[in-house]
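Under UniProt numbering, the residues of the sequence shown are numbered 1 to 164, in order.
The beta-carbon is built from N, C-alpha and C at its ideal position, and this holds for glycine as well.
None of these values were measured; they are calculated from a predicted model.
So the structure is just underneath, and the comments pick up after that.
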Amino acid sequence: MRLRDVTLQPTPPTPPEIEGYLKKLKRKTKSISGNWNKRWFFVDPRRREFCYADSKSSAIRSSIYLDDITAVVQFDETHFQVESRTRNFFLWGESKASTACWVSSLESYRKKVIDYEKDKIAYSAATEARATADLATTASAESDKSQRMSLDSRNSRQSVVTQE
1 MRLRDVTLQP
11 TPPTPPEIEG
21 YLKKLKRKTK
31 SISGNWNKRW
41 FFVDPRRREF
51 CYADSKSSAI
61 RSSIYLDDIT
71 AVVQFDETHF
81 QVESRTRNFF
91 LWGESKASTA
101 CWVSSLESYR
111 KKVIDYEKDK
121 IAYSAATEAR
131 ATADLATTAS
141 AESDKSQRMS
151 LDSRNSRQSV
161 VTQE
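Shown next, in the form of structure tokens:
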């Protein structure tokens, strides 16, 4: 096997390590000026989820799988939305810096997930192509071996007939 034939299997991206208080727009609110609740948000790297709870020490109220995040949209300096296949969170950061950190961390991870999925597809295709090529090479070698054996067999029979 040549070194250029080796394709490394892609590894999943590492979730961002981020946590802190954000205000979340209540789910049933019709307008952005509606009711906001202060919640503790964090990324659970083991479960690969973006979660929130009432406080740092309380149980998780809800979460979104990180790989299901479809967009992170910033509206202004402190307001942003995390969109997923299952639900959306409208959020309000405590400061410009906090909001920028959340948006860049989640968006960066989302892009890495997209790249990882593309790399997985490419790796799978390359592995399949290599397996097909290996099969063709093996079949060709078997065919050559079979032809040589057949030719050797004919030559030995002719040799026996000639000696008689």
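Roughly how many angstroms separate the alpha carbons of residue i and residue j, rounded to a whole number?
i      : j      : result
Glu83  : Tyr109 : 14 Å
Leu8   : Lys38  : 44 Å
Trp102 : Ile18  : 7 Å
Arg46  : Pro16  : 11 Å
Lys118 : Thr137 : 28 Å
Lys96  : Phe90  : 16 Å
Pro10  : Arg148 : 43 Å
Glu44  : Leu135 : Note on residue identity: the sequence assigns Asp, not Glu, to residue 44. Spanning the two alpha carbons is a distance of roughly 44 Å.
Ala100 : Gly93  : 9 Å
Ala129 : Gln81  : 41 Å
Ser55  : Asn88  : 20 Å
Glu77  : Ser57  : 28 Å
Glu142 : Ala131 : 16 Å
Please confirm whether residue i and residue j have their CB atoms less than 8 Å apart.
i      : j      : result
Tyr123 : Pro13  : no
Leu22  : Phe42  : no
Tyr52  : Lys24  : yes
Leu66  : Arg85  : no
Ile69  : Leu106 : yes
Buried or exposed for residue i, please, with buried defined as at least 16 other CB atoms from any protein chain shown within 10 angstroms of its CB.
i      : result
Phe50  : buried
Ile121 : exposed
Ser63  : buried
Phe75  : exposed
Val72  : buried
Start and end of the beta strand (DSSP E) containing residue i?
i     : result
Phe89 : Asn88 to Trp92
Glu83 : His79 to Ser84
Arg61 : Ile60 to Tyr65
Arg9  : Note on residue identity: the sequence assigns Gln, not Arg, to residue 9. Premise fails: Gln9 is in no beta strand (DSSP E) and is neither H nor E.
Arg46 : From DSSP, Arg46 is part of no beta strand (DSSP E); its letter is neither H nor E.
Gly20 : Glu19 to Leu25
So, under 8 Å CB-CB, residue i and residue j are touching, yes? Tell me the CB distance rounded to an integer number of Å.
i     : j     : result
Gly20 : Ser98 : 6 Å
Taking only beta-carbon positions, decide if residue i is within less than 8 Å of chain D.
i     : result
Lys24 : In the structure shown, chain D cannot be found, because there is only a single protein chain.
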